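J.: For what it's worth, numbering that gives the first Met the number 0 labels the leading residue of the sequence shown as 0, then goes sequentially. Built from N, CA and C at the ideal position, the CB exists for glycine as well. Given the structure is predicted, the values throughout are model-derived calculations rather than measurements. Questions regarding the structure given below will be posed in turn.
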Amino acid sequence: MGVEYRHFLVVDDESWHPAADTFERVNKVLASWGLNDTILEVVDLAGGKPRRTTDASIPKGLAGKAFKFDGTNGAAVARLAGPSLYECDDEERYLMNVLFVLGEDYRVHWSSDGLFFELAEQPSFAYQDEELYEIAYAESFPSTNATAPNVRLHIEDFAMKHLASKDYKGYWRAAVILDFGKDLPAFSEEVHSLPETEFVNALRNALRAESIAEVGEFY
Numbered sequence: 000m001g002v003e004y005r006h007f008l009v010v011d012d013e014s015w016h017p018a019a020d021t022f023e024r025v026n027k028v029l030a031s032w033g034l035n036d037t038i039l040e041v042v043d044l045a046g047g048k049p050r051r052t053t054d055a056s057i058p059k060g061l062a063g064k065a066f067k068f069d070g071t072n073g074a075a076v077a078r079l080a081g082p083s084l085y086e087c088d089d090e091e092r093y094l095m096n097v098l099f100v101l102g103e104d105y106r107v108h109w110s111s112d113g114l115f116f117e118l119a120e121q122p123s124f125a126y127q128d129e130e131l132y133e134i135a136y137a138e139s140f141p142s143t144n145a146t147a148p149n150v151r152l153h154i155e156d157f158a159m160k161h162l163a164s165k166d167y168k169g170y171w172r173a174a175v176i177l178d179f180g181k182d183l184p185a186f187s188e189e190v191h192s193l194p195e196t197e198f199v200n201a202l203r204n205a206l207r208a209e210s211i212a213e214v215g216e217f218y
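Take a look at the structure:
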């Protein structure tokens, strides 16, 4: 047991939609940072029912697909996240896994002890009974002919200092989730924003997104 940390990099752009080459472009960025040596699974999220698949394509109108990569360790983690919260050498650093989720569906952000994302008003014509995948989001809604969800963010006092993206809408269509497990980066004690902005900018460009929101979560 013990405290663990995940870091979300979310496309914070209501007009964003995936393109046929989105996975390929993001995959190249992950590769350049040594974050995708082994793909563990590809999961089709259509209809809220996760199903493993071998199809990595991104067709037009894709509801949702998840790509889970094995983690990495050593210098690649230190380069990405900066120093550890603990006294340890770079060789001892690790990243448990990397998850990339994208599609047309709206996904309400997963709540943590410090940040509670309240669905104040769900999209019209959008309910689906679902099985959550990897607790990457709280719930999802088809976006076809639907209004966007209305999400309110409630912040505990202790979490105020961590907030990096104050105008984040609380829902997304694409996110890269870095799971550091128990190897807490030092920045997790301060503002939850990756110190390596080169990676964030490369990801934003690969996604062709106007804005990337960063959200940290202790679990």
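Starting from the C-beta of VAL41, find all residues in its chain whose C-beta is less than 6 angstroms away, skip the five residues before and the five after it, and write them out in chain order.
T.: Translated into positions along the sequence shown, residue 41 becomes position 42. Here the set comprises THR52, ALA55, PHE66.
J.: Straight-line CA distance for GLU209 to TRP171?
T.: Locating residue 209 in the sequence shown gives position 210, where the first residue counts as 1. Locating residue 171 in the sequence shown gives position 172, where the first residue counts as 1. So the alpha carbons of these two residues sit roughly 13 angstroms apart.
J.: Any idea if HIS153 is buried or exposed, counting beta-carbon neighbours within 10 angstroms, 16 or more meaning buried?
T.: The sequence position of residue 153 within the sequence shown is 154, counting from 1. The residue in question, HIS153, is exposed, as its Cβ has fewer than 16 Cβ neighbours within 10 Å.
J.: Can you give me the Cβ contacts of GLY47 inside the same chain, cut-off strictly under 7 angstroms, excluding the 5 residues immediately before and after it?
T.: Indexing the sequence shown from 1 puts residue 47 at position 48. Around GLY47: GLN127, ASP128, GLU129, GLU130, SER139.
J.: What are the uninterrupted segments assigned as beta strand (DSSP E) that are 3 or more residues long and contained completely in the region 4 to 35, given in chain order?
T.: Taking only runs of at least 3 residues, the beta strand (DSSP E) segments lying wholly in the region 4 to 35 are 4 to 10.
J.: Cβ atoms of ALA137 and SER110: under 8 angstroms apart, would you say?
T.: Residue 110 sits at position 111 when you count from the first residue of the sequence shown. Residue 137 sits at position 138 when you count from the first residue of the sequence shown. Cβ atoms of SER110 and ALA137: closer than 8 angstroms.
J.: Rounded to the nearest angstrom, how far is the Cβ of LEU79 from that of PHE198, given a contact under 8 angstroms?
T.: Here residue 79 is taken as the residue at index 80 of the sequence shown, counted from 1. Here residue 198 is taken as the residue at index 199 of the sequence shown, counted from 1. Rounded, the Cβ-Cβ distance is 6 angstroms, consistent with contact.
J.: Mind checking whether VAL25 and PHE68 have CB atoms under 8 angstroms apart?
T.: Mapped onto the sequence shown, residue 25 falls at position 26. Mapped onto the sequence shown, residue 68 falls at position 69. Not closer than 8 angstroms, so no.
J.: Less than 8 angstroms between the beta carbons of GLU86 and GLY73, yes or no?
T.: To locate residue 86, count along the sequence shown from 1; it is residue 87. To locate residue 73, count along the sequence shown from 1; it is residue 74. No.
J.: Applying the criterion that 16 or more other CB atoms from any shown protein chain within 10 Å of the CB defines a buried residue, is ALA77 buried or exposed?
T.: Locating residue 77 in the sequence shown gives position 78, where the first residue counts as 1. Buried, by the Cβ-count rule.
J.: What span of residues does the beta strand (DSSP E) with GLU213 cover, start to end?
T.: What you label residue 213 is simply residue 214 of the sequence shown in a count that begins at 1. That run of the beta strand (DSSP E) goes 211 to 217.
J.: Please state whether DSSP places LYS165 in a helix, a strand or coil.
T.: For the purposes of this step, residue 165 is taken as the residue at position 166 of the sequence shown. Coil.
J.: For the alpha helix (DSSP H) that contains ALA80, what are its first and last residues?
T.: In the sequence shown, the residue the question calls residue 80 occupies position 81. First-last of the alpha helix (DSSP H) with ALA80: 74 to 80.
J.: Touching or not, the region 143 to 160 and the region 116 to 124, by the rule of three or more beta carbon pairs under 8 angstroms?
T.: The region 143 to 160 is in contact with the region 116 to 124.
J.: Check for me: the alpha helix (DSSP H) holding PHE99 runs from which residue to which?
T.: For this step, residue 99 is matched to residue 100 along the sequence shown. Looking at the DSSP string, PHE99 is not in any alpha helix (DSSP H); the run it does join, the beta strand (DSSP E), is 93 to 107.
J.: Beta carbon of HIS6, beta carbon of LEU177: below 8 angstroms?
T.: Stepping through the sequence shown from its first residue, residue 6 is reached at position 7. Stepping through the sequence shown from its first residue, residue 177 is reached at position 178. Taking 8 angstroms as the Cβ cut-off, HIS6 and LEU177 qualify as a contacting pair.
J.: Using a Cβ-Cβ cutoff of less than 6 angstroms, which residues in the same chain neighbour MET95 once the five nearest sequence positions on both sides are dropped?
T.: Mapped onto the sequence shown, residue 95 falls at position 96. These residues qualify, in order along the chain: GLY70, ASP178, GLY180.
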